[in-house]
Amino acid sequence: MSARRMFSRLKLNSVSSLNSLGKRSLTWPKQTVRHRSSVAANVRQEKDAQVTQETDRDEPYEKLDLTFENATEAYKSKKTSEVLRALFVFNLCSVRWLVEHNKEVMKWSRKLMGKTLFEKVMKATFYGHFVAGEDNEAIKPIIRRQAQYGVKSILDYGVEKDISSEQAKKAEMASCVPAAEDGQSVAEGSDARFRAHQEFGDRREDVVSARTYFYEDEAQCDENMEIFKTCIDAVSGATGSTGFAAIKLTALGRPQLLLQLSELLVQMSNLFDQMTGQEKDVALRRIRQDALEKNLKDLGIPISRDSSHEWFTWLDVSGSREVDLFEWSNFVNITKKDISKKLVVPNIETGELNPLLPELTPEEKIQVTNMLDRINELVEHAVKKDVRLMIDAEQSYFQPAISRLTMEMMRKFNKQKAFVFNTYQCYLKSAHNNLVIDMDLAKREDFYFGAKLVRGAYMDQERKRAETIGYEDPINPSYEATTTMYHKCLDHVLEEVHQREMGRIAVMVASHNEDTVRETVQSMKDHGIKASDRIICFGQLFGMCDQVSFPLGQAGYSVYKYVPFGPVEDVMPYLSRRAYENSGMLTKVKKEKRLLWQELKRRVMSGKIMHDPLKAEQKA
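The sequence shown maps to residues 1 to 620 in full-length UniProt numbering.
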């Protein structure tokens, strides 16, 4: 959307419900810059000088087999019965017909076997392999055993409602249309990307590795919050404050609010690009009042000097007489009681400042207040329990708002350590740019920065939606381009780790790609970052990629498994996705099956068929 078109649009169906917020509202404060002290810099230099003198105990690089072919290291945390179960499950995942009809197979098996027998069969097969247990107590043995072999846990209560596609579409359309548009045409200039579309109402379609929440009502959001708090308690009790809890923000409020905030953020970012040009790195760009006035006049917008001064003064939070992207984005200050009066743009006809947003209904204002209060309450609970929160990424049309709210939480709660982590999807063309901006903000605002780097879970759905609706595909053009983006993001993080005070940045490399893991390990060595620094960690799914996770953990690197738990019948949708995911990664599954067979044969031939991982670790 052009800047001229945006200025001509005075009604953006957006986040005007951000006014009248509750007492725990999040804020963008006045920007400040705090430089690292010379003492801290000297300490860092001394540490760099000592890198080559580290012992094997401190630097495990030489002990790690980066071919990830060591079956003994990969599976010595498993009983032989678990090795056999893994082989059975992976072989079933290779049967295409069974995978494609897994929901029907599980449904009929449940009817034929009855609940008790069905649950026993599932615990002996798919459930037992991919899910840690039914509740907080049941998961503790698995969590503790993993920890004994150097692997920590990210806990996720894997329960989700199994609703039909029709029900999902109905819920999505009802929850994503603002009251101002209900039954009316969408405002001119509205970005179709940030509108609900019936065809794509079921956000589960073409997605096999991520859970989806659909909005029912505020009571359901409150229930989701309590479930997340239970998960935080489970992390605190089972991991001794070493683990994470994973949450999704779409579970905590009406998705319409995220759509509207995302649209507003993207349009203001695009406008900043048009006002400043794109020659420089976005974090270095600035605009002065005279340049802003000139650009607006060049666009044919006859803004008055007084209106220009009023708008610029409000944006110039630091008082530097220059506005950068952080201040430009600061226009969405969600503590403002009268935010609809502050969100203004020049009218294309008169040049006068007019409100950008219409008033929302009292109910919509309450919904925004509730969502922000739930987010605050969750993070406060996590901080109290000394548990870190991993905020999962979601679809690109929600993600700008999710990232913005996550950064707000970081700014507020990451003062002493990194409690809140944002997720960056490297299949997005904007991934590196977003990461650079957020890391620079953390540096300027002097808070700890936490990030999880992933490839992304919604590629097929995102491509299809963009093509059908008619907007630019947000996804990188190829697998190789995404790999390049992943490594570009990782390199930037490692460079910043090296430049800043130790511990100010923490990142999780969440990847099943062995090449990515190898590259990360090598880059850590090149940058003088030791495994014992515990600022770079790795993450894989429970029940998958053990040939990477456990050798890394046993070599001294910080490694996590994403561990779901919950009652058997309530995690069926999760198990269905794992079956699909493994069937789509035949090459990786083929390697895992080969290594499992290799370990099974070794135990049989060496007389260790009764291998007990707990006793083996105690002897070690």
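Backbone N, C-alpha and C fix where the C-beta goes; we use that ideal spot for every residue, glycine too. Small disclaimer: the values here were computed from a predicted structure and weren't measured.
task: Between the Cα of Val420 and those of Asn433, His432 and Leu405, spot the shortest distance and give me the residue it belongs to.
output: Leu405
field: Residue(s) in a DSSP beta bridge with Ile536
entry: Its beta-bridge partners are Val507.
field: For Lys152, the nearest candidate out of Cys545, Ser511, Tyr458 and Tyr560 (CA to CA)
entry: Tyr560
task: Decide if the region 203-212 is in contact with the region 472-485; the criterion is three or more beta carbon pairs, one per stretch, under 8 Å apart.
output: Taking 8 Å as the limit for Cβ pairs, the verdict is that the region 472-485 does not touch the region 203-212.
message: As a quick exercise: from Asp440, Val493 and Gly528, pick the residue whose alpha carbon is nearest that of Asp324.
response: Checking every option, the nearest Cα to that of Asp324 belongs to Asp440.
- prompt: Hey, quick one: how far does the alpha helix (DSSP H) through Arg411 stretch, first residue to last?
  reply: Gln399 to Phe413
message: Once DSSP output is grouped into helix, strand and coil, what is the label at Ser109?
response: helix
Ser262 - containing alpha helix (DSSP H), residue span: Pro255 to Thr276
- prompt: Under the three-state reduction of DSSP, which class applies to Thr483: helix, strand or coil?
  reply: helix
query: Span of the alpha helix (DSSP H) holding Gly553?
result: Asp546 to Gln554
- request: Quick one: grab the DSSP three-state call for Phe228.
  value: helix
task: In the DSSP assignment, find the unbroken beta strand (DSSP E) run with Val454 in it and report its ends.
output: Phe449 to Val454
- request: Could you check the C-alpha separation between Phe90 and Asp570 for me, to the nearest Å?
  value: 22 Å
task: For Thr423, name the three-state secondary structure that DSSP assigns.
output: strand
field: Test item: CB-CB of Ala506 and Ala579 under 7 Å
entry: no
query: Counting along the chain, where does the alpha helix (DSSP H) carrying Val436 start and finish?
result: Boundaries of the alpha helix (DSSP H) harbouring Val436: Ala431 to Glu445, taken from the DSSP string.
- request: Tell me where the alpha helix (DSSP H) around Lys140 begins and ends.
  value: Lys140 to Gln148
message: According to DSSP, simplified to helix, strand and coil, what is Tyr560?
response: DSSP places Tyr560 in strand when its eight states are reduced to three.
query: By how many angstroms is the C-alpha of Leu264 removed from the C-alpha of Arg305?
result: A direct Cα-Cα distance of roughly 25 Å separates Arg305 from Leu264.
task: Work out the CA separation of Ile391 and Pro141 for me, nearest whole Å.
output: 26 Å
- prompt: Is Tyr574 helix, strand or coil by DSSP?
  reply: Look at Tyr574 here: in three-state DSSP terms it is helix.
query: Where DSSP assigns a beta bridge to Ser153, which residues make up the other side?
result: Lys561
Inter-stretch contact at 8 Å, needing at least 3 Cβ pairs: the region 166-179 / the region 599-613: no
- request: Identify which residue in Tyr157, Phe194, Asp162 and Leu155 has its Cα closest to the Cα of Met173.
  value: Phe194
message: Please classify Gly607 as buried or exposed, where buried requires at least 16 other C-beta atoms within 10 Å of its C-beta.
response: exposed
message: Could you check whether the region 236-252 touches the region 375-382, counting it as contact only if at least three pairs of C-beta atoms, one from each stretch, sit closer than 8 Å?
response: The region 236-252 makes contact with the region 375-382; the number of CB pairs closer than 8 Å reaches 3 or more.
query: What are the start and end residues of the alpha helix (DSSP H) that includes Leu292?
result: Gln289 to Asp298
- prompt: What is the rounded straight-line gap between the Cα of Gly300 and the Cα of Ser430?
  reply: C-alpha separation (whole angstroms): 30 Å.
Sub-7 Å separation of Ser236 and Lys385 beta-carbons: yes
query: With a Cβ-Cβ cutoff of 7 Å, do Ile143 and Ala245 count as a contact?
result: No, the Cβ-Cβ distance between Ile143 and Ala245 is not below 7 Å.
query: With distances taken from CA atoms, which of Glu467, Gly470, Asn414 and Lys488 is nearest Tyr427?
result: Of Glu467, Gly470, Asn414 and Lys488, the smallest CA-CA separation from Tyr427 is found for Lys488.
- prompt: Would a C-beta distance cut-off of 7 Å place Cys176 and Ala196 closer than the cut-off?
  reply: yes
- request: Locate the beta strand (DSSP E) running through Leu389, then write down its first and last residues.
  value: According to the DSSP assignment, Leu389 belongs to the beta strand (DSSP E) that extends over Arg388 to Ile391.
Distance CB(Tyr397)-CB(Ser269) smaller than 7 Å: no
- prompt: Should Val497 be labelled buried (16 or more other beta-carbon atoms within 10 Å of its own) or exposed?
  reply: buried
task: Give a yes or no on contact between the region 453-472 and the region 523-531, applying the rule of three or more CB pairs nearer than 8 Å.
output: no
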